[in-house]
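Worksheet: the structure to be examined is printed underneath.
There are 2 protein chains.
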Amino acid sequence: MGDKGRPAPKGRVPATIYDIARITGVNPSTVSRALNQPGRVSASTEQRIREAAADLGYRTNPMARALPTGKTGTLGLLVSDLTNPVYFDLVRGAERVAREHDTMLVFADSQESAELERSTAERLQIAVDGLLLVASRLEDAQIQELAAAKPLVAVNRPVPGVPSVAPDVRPGMIEALDLLHGLGHRRIAYLAGPEASWMNGMRWVTAHDLAVDRGMSIAEIQSSAPTREGGTDAFAAVMAADVTAVLAYNDLVALGLLGACLEHGVAVPRDLSLIGFDDIFGADLSAPALSTVRCSWGDMGERAVAKLLGAIQDGDASGAELNLPTEFVSRASVAAPGR
Amino acid sequence: MGDKGRPAPKGRVPATIYDIARITGVNPSTVSRALNQPGRVSASTEQRIREAAADLGYRTNPMARALPTGKTGTLGLLVSDLTNPVYFDLVRGAERVAREHDTMLVFADSQESAELERSTAERLQIAVDGLLLVASRLEDAQIQELAAAKPLVAVNRPVPGVPSVAPDVRPGMIEALDLLHGLGHRRIAYLAGPEASWMNGMRWVTAHDLAVDRGMSIAEIQSSAPTREGGTDAFAAVMAADVTAVLAYNDLVALGLLGACLEHGVAVPRDLSLIGFDDIFGADLSAPALSTVRCSWGDMGERAVAKLLGAIQDGDASGAELNLPTEFVSRASVAAPGR
DNA sequence: CTGAAAGCGCTTACAG
DNA sequence: CTGAAAGCGCTTACAG
Numbered sequence: 001m002g003d004k005g006r007p008a009p010k011g012r013v014p015a016t017i018y019d020i021a022r023i024t025g026v027n028p029s030t031v032s033r034a035l036n037q038p039g040r041v042s043a044s045t046e047q048r049i050r051e052a053a054a055d056l057g058y059r060t061n062p063m064a065r066a067l068p069t070g071k072t073g074t075l076g077l078l079v080s081d082l083t084n085p086v087y088f089d090l091v092r093g094a095e096r097v098a099r100e101h102d103t104m105l106v107f108a109d110s111q112e113s114a115e116l117e118r119s120t121a122e123r124l125q126i127a128v129d130g131l132l133l134v135a136s137r138l139e140d141a142q143i144q145e146l147a148a149a150k151p152l153v154a155v156n157r158p159v160p161g162v163p164s165v166a167p168d169v170r171p172g173m174i175e176a177l178d179l180l181h182g183l184g185h186r187r188i189a190y191l192a193g194p195e196a197s198w199m200n201g202m203r204w205v206t207a208h209d210l211a212v213d214r215g216m217s218i219a220e221i222q223s224s225a226p227t228r229e230g231g232t233d234a235f236a237a238v239m240a241a242d243v244t245a246v247l248a249y250n251d252l253v254a255l256g257l258l259g260a261c262l263e264h265g266v267a268v269p270r271d272l273s274l275i276g277f278d279d280i281f282g283a284d285l286s287a288p289a290l291s292t293v294r295c296s297w298g299d300m301g302e303r304a305v306a307k308l309l310g311a312i313q314d315g316d317a318s319g320a321e322l323n324l325p326t327e328f329v330s331r332a333s334v335a336a337p338g339r
Numbered sequence: 001m002g003d004k005g006r007p008a009p010k011g012r013v014p015a016t017i018y019d020i021a022r023i024t025g026v027n028p029s030t031v032s033r034a035l036n037q038p039g040r041v042s043a044s045t046e047q048r049i050r051e052a053a054a055d056l057g058y059r060t061n062p063m064a065r066a067l068p069t070g071k072t073g074t075l076g077l078l079v080s081d082l083t084n085p086v087y088f089d090l091v092r093g094a095e096r097v098a099r100e101h102d103t104m105l106v107f108a109d110s111q112e113s114a115e116l117e118r119s120t121a122e123r124l125q126i127a128v129d130g131l132l133l134v135a136s137r138l139e140d141a142q143i144q145e146l147a148a149a150k151p152l153v154a155v156n157r158p159v160p161g162v163p164s165v166a167p168d169v170r171p172g173m174i175e176a177l178d179l180l181h182g183l184g185h186r187r188i189a190y191l192a193g194p195e196a197s198w199m200n201g202m203r204w205v206t207a208h209d210l211a212v213d214r215g216m217s218i219a220e221i222q223s224s225a226p227t228r229e230g231g232t233d234a235f236a237a238v239m240a241a242d243v244t245a246v247l248a249y250n251d252l253v254a255l256g257l258l259g260a261c262l263e264h265g266v267a268v269p270r271d272l273s274l275i276g277f278d279d280i281f282g283a284d285l286s287a288p289a290l291s292t293v294r295c296s297w298g299d300m301g302e303r304a305v306a307k308l309l310g311a312i313q314d315g316d317a318s319g320a321e322l323n324l325p326t327e328f329v330s331r332a333s334v335a336a337p338g339r
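Quick look at the structure:
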């Protein structure tokens, strides 16, 4: 690479199989075979073709290949917000498996908007072999429509008839509620996430049932957004609810609420115990460090890509997996109620 | 949407302009014109064509369009690590401008590997109209080669002959060093980032010169990675350096070092003052909160996309902008040296 | 083992 | 205003 002279002039036109064919004196179809179906061509021609390709810096044009084959060799991963730390491990897990299968992964971001999610999904879908839809805000029917067009795996949310991967929130939440109950908490609240989020509904229902089972009261408090700001904004509502502990939809919301508490002189955990969800980057940084229910996002990423790849190859779209384990991570933000 | 009957069967084949042409009784070329060059076709035909397109749920196939035109309508953004909070604002800024121009943005991640960066860039490049290369680990020559093939903008690093956008670190660092000096610090250290990072070199050189100007000594300490682990691992080396303040390559490293200090009973800021870079998500969460030099990543994202779009349209690849301002953000991790 | 041809879905001069 | 044709770069039956 360094110095084959200075960089080629701007308009450099990429080499095609026709260039290679001309140089080596064979038919373009032979070039295509030599490059893609090793063994289908005599060793010596293949050799010459490969050399010429290397000389010309040939790269096969994925667009052109996609037209006749319908395969692009890339997968799309669409999340509601790429800049949400929740997705870090998911991204890493997905990349790990994609890399192993020599598949390129491209990411896109629907910016928490269902409308944008839909249009982005459609646009992305046509340029990839399959789509991973993470924490979708779409309706089941819309997801089913997308899934009908091309292989798709829903992540962090089951959709009837569509392959999916999601965590089982119960184990982690049982740990959390047992701990709260054991410490003496009897009135708690769930600080909710987006209404359109399936996972929010799941967390609320599970928390509710587990709390009731244990003879605790539980209030649902709305938040304006699943972000730190959303948590901060909910401070007054939380105070008004008169509870001793809060389970937040996610760590971002919990951290936002934590910040507001500190600012208003509400001591955590003495006056209020706080539990988040996801164990994101930063959850252990706060003071007090945030207790949280962790799901294996890394595993979800791996499983989801593996499943999608399977669906693409064999058309095998085996159903839902709703069983990735969760666990409670105990940190300083939880204690016995102070009064 | 909802219920046009149940979702179409899996293999549903997308409608093409030929389908529309057949239904409306015109030539496919007319369909193409009606859809893309409003006005070039009689109002009534255009009308009929649009209706048929809507009926069939027609979406133009970007691959097929890209072949004759060479344009895909999408931009690629390649970063060294998508899960690094540093890039949050960059991503948002880039998306803002892309959306305004009805351009799709796809993201990819080189996982901190120069080799992977190169191959990903090449692969991505052929599927997009232009590439944003963020904090590249490649050599100038390699970047120049990529830039020769297709419009490219380097972000957070200038490259000779390649359009770029990068911050001017001096203003923020002057504030930081003036503060340290004023507080009485005389022996400080720079905890370095990746050697291959242009920005790391820039920060070191600037810190060095400014420190020397002020009669302070400054040591360079290596870190194993630009992550929290990298900062933690550097604890012993920092202690050995016998300094009263540390400037870290970035906030992640600073937060890692901070954690190690607390763990080993080194009080921050009394025993050691700490300053990071970038003001990432979480920098204000730690205890003590981290002082840091903030650059306008959001602006960089916006400018970079605007510049790339310009380069694609007019071939106008105006040069480097090395002037995005930085500022010091003062938080609790800095104080006068304690002994 | 390899060539010649047709086709993937679209765009765009070129005619009329 | 619209049709017919050629071409973008590749793949893949079909022959030989």
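Line by line, the protein sequences are chains F and D. Start counting the first sequence at 1; every next residue gets the next number (the UniProt record's numbering). Start counting the second sequence at 1; every next residue gets the next number (the UniProt record's numbering). Don't be surprised by glycine CBs; every beta carbon is placed ideally from N, CA and C.
Residue from the options with nearest C-alpha to residue i
{"i": "F/Pro194", "options": "F/Ala147, F/Arg137 and F/Ala211", "result": "F/Arg137"}
{"i": "D/Glu220", "options": "D/Arg48, D/Val169, D/Val246 and D/Val155", "result": "D/Val246"}
{"i": "D/Arg294", "options": "D/Lys71, D/Tyr87, D/Val205 and D/Thr69", "result": "D/Tyr87"}
{"i": "D/Leu177", "options": "D/Asp81, D/Ser224, D/Asp209 and D/Thr232", "result": "D/Asp209"}
{"i": "F/Ile218", "options": "F/Thr206, F/Val165, F/Pro226 and F/Ala225", "result": "F/Thr206"}
{"i": "F/Arg187", "options": "F/Arg214, F/Asp129 and F/Met173", "result": "F/Arg214"}
{"i": "F/Ala234", "options": "F/Ser224, F/Arg123 and F/Asp129", "result": "F/Ser224"}
{"i": "D/Val26", "options": "D/Pro14, D/Val13 and D/Arg50", "result": "D/Arg50"}
{"i": "D/Glu175", "options": "D/Leu183, D/Ala335 and D/Phe328", "result": "D/Phe328"}
{"i": "D/Leu183", "options": "D/Leu56, D/Leu257 and D/Arg270", "result": "D/Arg270"}
{"i": "D/Asp109", "options": "F/Asp55, F/Ser113 and F/Arg99", "result": "F/Arg99"}
{"i": "D/Ala114", "options": "D/Leu78, D/Phe107, D/Gly93 and D/Ala236", "result": "D/Leu78"}
{"i": "D/Ala135", "options": "D/Met202, D/Val97, D/Gln125 and D/Glu46", "result": "D/Met202"}
{"i": "D/Asp129", "options": "F/Met63, F/Glu139 and F/Ala54", "result": "F/Met63"}
{"i": "F/Ala332", "options": "F/His185, F/Asn156 and F/Ser286", "result": "F/Ser286"}
{"i": "D/Ala237", "options": "D/Met104, D/Arg228 and D/Leu257", "result": "D/Leu257"}
{"i": "F/Ala335", "options": "F/His185, F/Val169, F/Leu56 and F/Val165", "result": "F/His185"}
{"i": "F/Thr300", "options": "F/Val91, F/Ala192, F/Leu116 and F/Glu139", "result": "Per the sequence presented here, residue 300 of chain F reads as Met, with Thr not at that position. Ranking F/Val91, F/Ala192, F/Leu116 and F/Glu139 by Cα distance to F/Met300 puts F/Val91 first."}
{"i": "D/Asn61", "options": "F/Leu67, F/Arg59 and F/Thr60", "result": "F/Leu67"}
{"i": "F/Gly56", "options": "F/Gln37, F/Ala21, F/Ser29 and F/Pro38", "result": "Looking at the sequence shown, residue 56 of chain F is not Gly but Leu. For F/Leu56, the nearest C-alpha among the options comes from F/Ala21."}
Beta bridge counterpart(s) of residue i as assigned by DSSP
{"i": "F/Phe235", "result": "DSSP lists no partner for F/Phe235."}
{"i": "D/Leu152", "result": "D/Leu131"}
{"i": "F/Asp109", "result": "F/Val79"}
{"i": "D/Val246", "result": "D/Ala189 and D/Leu274"}
{"i": "F/Thr74", "result": "F/Met104"}
{"i": "F/Val334", "result": "The partner list for F/Val334 (beta bridge, DSSP) is empty, contrary to what the question assumes."}
{"i": "F/Val159", "result": "F/Val162"}
Whole-angstrom distance between residue j and residue i, CA atom to CA atom
{"i": "F/Gly5", "j": "D/Glu145", "result": "Low per-residue confidence applies at F/Gly5: pLDDT is 30, beneath 50, and the placement is therefore not dependable, though the value from the model is reported in the following sentence. Their Cα atoms are separated by approximately 11 Å."}
{"i": "F/Val268", "j": "F/Pro288", "result": "7 Å"}
{"i": "D/Gly311", "j": "D/Gly76", "result": "Just to set this straight, residue 311 of chain D is Ala in the shown sequence, not Gly. Their backbone Cα atoms lie some 14 Å apart in a straight line."}
{"i": "D/Ser119", "j": "F/Gly230", "result": "40 Å"}
{"i": "D/Ser32", "j": "D/Pro325", "result": "46 Å"}
{"i": "F/Ile17", "j": "F/Pro85", "result": "43 Å"}
{"i": "F/Pro337", "j": "F/Tyr190", "result": "17 Å"}
{"i": "F/Val153", "j": "F/Leu132", "result": "5 Å"}
{"i": "F/Gly161", "j": "F/Ala141", "result": "10 Å"}
{"i": "F/Ala148", "j": "F/Ser80", "result": "21 Å"}
{"i": "F/Asp102", "j": "D/Thr83", "result": "21 Å"}
{"i": "D/Pro158", "j": "F/Asp278", "result": "38 Å"}
{"i": "F/Leu179", "j": "F/Gly276", "result": "14 Å"}
{"i": "D/Asp284", "j": "D/Glu112", "result": "26 Å"}
{"i": "D/Arg48", "j": "F/Thr69", "result": "31 Å"}
{"i": "D/Ser197", "j": "D/Leu35", "result": "46 Å"}
{"i": "F/Pro167", "j": "F/Pro14", "result": "46 Å"}
{"i": "D/Glu321", "j": "D/Asn156", "result": "10 Å"}
{"i": "D/Thr292", "j": "D/Pro151", "result": "34 Å"}
{"i": "D/Pro171", "j": "D/Asn323", "result": "10 Å"}
Please go through the stretch 164 to 237 of chain F and give each complete alpha helix (DSSP H) segment of 4 or more residues, from N-terminal end onward.
-> 170 to 183, 198 to 213 and 228 to 233
Taking contact to mean at least 3 C-beta pairs separated by less than 8 Å, is the stretch 298 to 311 of chain F in contact with the stretch 257 to 267 of chain F?
-> no
Secondary structure, alpha helix (DSSP H): runs of 4+ residues fully inside the stretch 259 to 328 of chain D | 297 to 314
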